[in-house]
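Written out below as C-alpha coordinates is the structure these notes cover.
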Amino acid sequence: MSNSGDYEILYWDVAGGCKLLRNRFESKDREWATYTCVLGFHVMGVWLEGSDGTDINALCRSHSERAVAVADDFCKVHLFQYPCPKPKAPSHRYEGHGSHVTNVCFTHNDSHLISMGGKDTCILQWRVTGGGGAPPLDRSSSVSSNSVSSQEPGP
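Next up, the structure:
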(Lines of atoms letter the chains of each structure in order from A; the text may use other names.)
(Lines give C-alpha, C1' and ligand atoms only; values in the text may rest on other atoms or scores of the structure.)
Protein backbone atom coordinates (compact mmCIF):
# COMPACT_ATOMS: atom_id res chain seq x y z
CA MET A 1 0.00 0.00 0.00
CA SER A 2 1.21 3.50 -0.78
CA ASN A 3 -0.16 6.99 -1.40
CA SER A 4 0.26 9.01 -4.57
CA GLY A 5 0.92 12.71 -5.03
CA ASP A 6 -2.64 13.16 -6.26
CA TYR A 7 -4.08 11.69 -3.02
CA GLU A 8 -4.84 8.17 -4.18
CA ILE A 9 -4.57 5.02 -2.08
CA LEU A 10 -2.61 2.51 -4.16
CA TYR A 11 -2.36 -1.25 -3.58
CA TRP A 12 0.41 -3.32 -5.10
CA ASP A 13 0.89 -7.01 -5.84
CA VAL A 14 4.55 -7.34 -4.88
CA ALA A 15 4.62 -11.14 -5.29
CA GLY A 16 3.29 -10.75 -8.83
CA GLY A 17 5.98 -8.31 -9.95
CA CYS A 18 4.86 -5.05 -8.29
CA LYS A 19 1.69 -4.70 -10.32
CA LEU A 20 -0.81 -2.05 -9.34
CA LEU A 21 -4.08 -3.63 -8.19
CA ARG A 22 -7.01 -1.94 -9.91
CA ASN A 23 -9.75 -2.98 -7.45
CA ARG A 24 -8.62 -1.26 -4.26
CA PHE A 25 -11.77 -2.22 -2.34
CA GLU A 26 -10.62 -5.86 -2.35
CA SER A 27 -7.57 -4.79 -0.33
CA LYS A 28 -9.06 -2.10 1.93
CA ASP A 29 -9.42 -4.43 4.95
CA ARG A 30 -6.04 -6.09 4.55
CA GLU A 31 -3.88 -6.15 7.69
CA TRP A 32 -0.40 -4.65 7.45
CA ALA A 33 2.65 -5.33 9.63
CA THR A 34 3.23 -1.56 9.80
CA TYR A 35 1.05 1.38 8.85
CA THR A 36 2.58 4.71 7.81
CA CYS A 37 0.38 5.91 4.94
CA VAL A 38 -1.38 9.19 5.68
CA LEU A 39 -4.28 8.17 3.43
CA GLY A 40 -6.17 4.96 4.07
CA PHE A 41 -9.55 3.58 5.06
CA HIS A 42 -8.35 2.89 8.63
CA VAL A 43 -7.11 6.46 9.20
CA MET A 44 -9.63 8.71 7.43
CA GLY A 45 -10.53 10.28 10.79
CA VAL A 46 -7.10 11.88 11.28
CA TRP A 47 -7.85 14.54 8.66
CA LEU A 48 -9.33 17.74 10.08
CA GLU A 49 -12.22 19.40 8.30
CA GLY A 50 -10.86 21.82 5.71
CA SER A 51 -7.46 20.11 5.39
CA ASP A 52 -5.80 20.69 2.04
CA GLY A 53 -4.16 17.28 1.74
CA THR A 54 -0.69 18.48 2.71
CA ASP A 55 -1.41 19.36 6.35
CA ILE A 56 -0.41 15.89 7.60
CA ASN A 57 3.25 15.14 7.00
CA ALA A 58 3.58 11.68 8.54
CA LEU A 59 1.65 8.99 10.35
CA CYS A 60 2.68 5.94 12.36
CA ARG A 61 0.53 3.21 13.90
CA SER A 62 1.71 1.76 17.20
CA HIS A 63 2.96 -1.84 17.19
CA SER A 64 0.10 -2.78 19.52
CA GLU A 65 -2.29 -1.45 16.82
CA ARG A 66 -4.15 0.59 19.45
CA ALA A 67 -2.98 4.12 18.58
CA VAL A 68 -1.82 6.17 15.63
CA ALA A 69 0.45 9.23 15.83
CA VAL A 70 0.27 12.07 13.32
CA ALA A 71 2.79 14.84 12.49
CA ASP A 72 1.26 18.02 11.11
CA ASP A 73 2.15 21.37 9.55
CA PHE A 74 0.99 23.28 12.63
CA CYS A 75 3.76 22.25 15.09
CA LYS A 76 1.57 19.52 16.62
CA VAL A 77 1.75 15.81 17.30
CA HIS A 78 -1.65 14.12 17.48
CA LEU A 79 -2.57 10.75 18.99
CA PHE A 80 -5.68 8.96 17.80
CA GLN A 81 -7.24 5.66 18.72
CA TYR A 82 -6.65 3.09 15.95
CA PRO A 83 -8.51 2.43 13.78
CA CYS A 84 -10.14 5.83 13.24
CA PRO A 85 -12.12 5.54 10.01
CA LYS A 86 -14.81 8.12 10.79
CA PRO A 87 -14.38 11.86 10.11
CA LYS A 88 -13.60 14.16 13.05
CA ALA A 89 -12.10 11.39 15.20
CA PRO A 90 -11.19 12.65 18.69
CA SER A 91 -7.49 13.02 19.44
CA HIS A 92 -4.98 14.25 21.95
CA ARG A 93 -2.81 17.13 20.66
CA TYR A 94 0.69 17.79 21.93
CA GLU A 95 2.86 20.85 21.40
CA GLY A 96 6.62 21.02 21.58
CA HIS A 97 7.94 21.82 18.14
CA GLY A 98 8.64 25.34 16.90
CA SER A 99 7.83 24.53 13.28
CA HIS A 100 6.11 21.85 11.23
CA VAL A 101 6.58 18.25 12.41
CA THR A 102 8.13 16.12 9.67
CA ASN A 103 7.88 12.57 11.04
CA VAL A 104 6.72 10.41 13.95
CA CYS A 105 7.66 6.87 14.95
CA PHE A 106 6.85 4.60 17.91
CA THR A 107 9.72 2.69 19.52
CA HIS A 108 9.71 -1.11 19.24
CA ASN A 109 7.68 -1.57 22.46
CA ASP A 110 5.45 1.52 22.09
CA SER A 111 6.86 3.01 25.31
CA HIS A 112 8.03 6.15 23.50
CA LEU A 113 7.13 8.19 20.45
CA ILE A 114 9.83 10.06 18.53
CA SER A 115 8.89 13.19 16.59
CA MET A 116 11.12 15.15 14.23
CA GLY A 117 10.79 18.86 13.60
CA GLY A 118 11.41 20.78 10.41
CA LYS A 119 13.03 24.20 10.70
CA ASP A 120 13.36 23.87 14.49
CA THR A 121 15.64 20.80 13.90
CA CYS A 122 14.35 19.22 17.12
CA ILE A 123 13.97 15.55 17.82
CA LEU A 124 11.49 15.06 20.66
CA GLN A 125 11.12 11.87 22.65
CA TRP A 126 7.65 11.47 24.14
CA ARG A 127 7.12 8.92 26.92
CA VAL A 128 3.84 7.07 26.56
CA THR A 129 2.36 6.24 29.97
CA GLY A 130 -0.69 4.26 30.93
CA GLY A 131 0.35 0.88 29.60
CA GLY A 132 2.68 1.52 26.67
CA GLY A 133 0.58 2.02 23.60
CA ALA A 134 -2.68 2.43 25.51
CA PRO A 135 -5.44 4.11 23.52
CA PRO A 136 -4.91 7.88 23.54
CA LEU A 137 -8.47 8.44 24.71
CA ASP A 138 -7.67 6.86 28.09
CA ARG A 139 -7.62 9.80 30.51
CA SER A 140 -4.87 8.19 32.58
CA SER A 141 -2.48 8.41 29.64
CA SER A 142 -0.03 11.28 29.52
CA VAL A 143 2.99 12.26 27.52
CA SER A 144 6.20 13.96 28.55
CA SER A 145 9.06 15.09 26.39
CA ASN A 146 12.80 15.58 26.27
CA SER A 147 14.28 17.48 23.37
CA VAL A 148 17.61 17.50 21.61
CA SER A 149 18.43 20.29 19.20
CA SER A 150 21.51 21.36 17.35
CA GLN A 151 22.21 24.68 15.72
CA GLU A 152 23.75 24.79 12.27
CA PRO A 153 27.17 26.42 12.28
CA GLY A 154 27.11 30.06 11.28
CA PRO A 155 28.82 31.47 8.19
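Note that full-length UniProt numbering numbers the sequence shown so that position 155 is 155, with each residue one more than the last.
Glycine included, C-beta positions come from ideal geometry on N, C-alpha and C.
How many Å lie between residue i and residue j at the Cα?
i           : j           : result
residue 3   : residue 35  : 12 angstroms
residue 46  : residue 93  : 12 angstroms
residue 120 : residue 53  : 23 angstroms
residue 57  : residue 16  : 30 angstroms
residue 129 : residue 111 : 7 angstroms
residue 13  : residue 5   : 20 angstroms
residue 115 : residue 91  : 17 angstroms
residue 72  : residue 8   : 19 angstroms
residue 127 : residue 99  : 21 angstroms
residue 38  : residue 30  : 16 angstroms
residue 51  : residue 103 : 18 angstroms
residue 18  : residue 40  : 19 angstroms
So if DSSP puts residue i in a beta bridge, which residue, or which two residues, is it bridged to?
i           : result
residue 116 : 103, 123
residue 61  : 68
residue 3   : 9
Take residue i as the anchor and find which of the options has the nearest alpha-carbon.
i           : options         : result
residue 108 : 68, 62, 9, 67   : 62
residue 86  : 6, 39, 44, 55   : 44
residue 118 : 55, 29, 9, 75   : 75
residue 89  : 97, 70, 95, 101 : 70
residue 82  : 126, 68, 122    : 68
residue 101 : 127, 59, 64     : 59
residue 66  : 126, 106, 10    : 106
residue 48  : 33, 78, 122     : 78
residue 42  : 80, 126, 51     : 80
residue 96  : 31, 124, 30     : 124
residue 32  : 64, 113, 122    : 64
Which two residues bound the contiguous beta strand (DSSP E) that contains residue i?
i          : result
residue 76 : 76-81
residue 93 : 91-95
What is the DSSP secondary structure of residue i, reduced to helix, strand or coil?
i          : result
residue 38 : coil
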